[in-house]
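Undergrad:
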Amino acid sequence: MIRLGCVLLLALLLMPAQATDSQALLRFKPLQGQLSFNQSKQLQGLPVALKSSGYILLQDGQLLWHTTTPVDSKLLVSPAGVSQWQQQQYVAVAGSEFVGQLMLAVLQQQHQFINDHFALSDADNDCQLLQPLQAPLSNLFVQIRLCGEATLQRIVLQESNGNSTTIDLQPEANLD
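Letter by letter, the sequence shown follows residues -19 to -1, 1 to 157 in mature numbering (1 follows the signal peptide of the UniProt record, and there is no 0).
1) Which residues bound the beta strand (DSSP E) around F9?
2) May I ask which residues mark the beginning and end of the alpha helix (DSSP H) holding G42?
3) Using DSSP's beta-bridge definition, name the partner residues of A73.
4) Leaving aside the five residues before and after L31 along the sequence, list all residues of the same chain whose C-beta is less than 6 Å from its C-beta, in chain order.
5) Could you give the residue range of the beta strand (DSSP E) that holds A100?
6) Is L39 closer than 7 Å to V58 when the C-beta atoms are compared?
7) In whole angstroms, give me the CA-to-CA distance for T49 and V29.
8) Pick out whichever of L16, L24 and Q20 has its Cα sitting closest to the Cα of E140.
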């Protein structure tokens, strides 16, 4: 009986330390406010990457993704999913709930979501790797690479189909 009590106490003492260690791997500050982005998507079979730029606005648990170049388009991302601006209103994209949750979790460093769906490891001094634990993420991504110093500055998505996307982020306040 005493031995069981000691084992339970030891388990309780160790669990918070393990959670803290896991959370320490997520070293970036959650993003908030407005940031500019430059995106480069390399598709299999195309010799030149597709490039776009614009800004994102993160507030109140939502993300506005506004691409200004080469085409003006807007996406509103929330835990409920992704909606696209069409004919003066946002129209929900069917089946996008998980994508919305994933985008917000990565940008806002939501520990529980990331720990539930990814194995985390340090890639080098400035980057961390998120490797999907199971489908549907493992069907889409080989890995997600998060890079930066104190804040997230670059996201590299390595897709299962061989395509890759690099997103560079910069806080609007730092722009000239």
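C-beta atoms are modelled at their ideal positions from N, C-alpha and C, and glycine is treated no differently.
TA: Checking against the coordinates, here is how it stands:
1) That residue, F9, is in no beta strand (DSSP E); it is neither H nor E in DSSP.
2) That residue, G42, is in no alpha helix (DSSP H); it is neither H nor E in DSSP.
3) S64
4) K22
5) F99 to D103
6) no
7) 20 Å
8) L24
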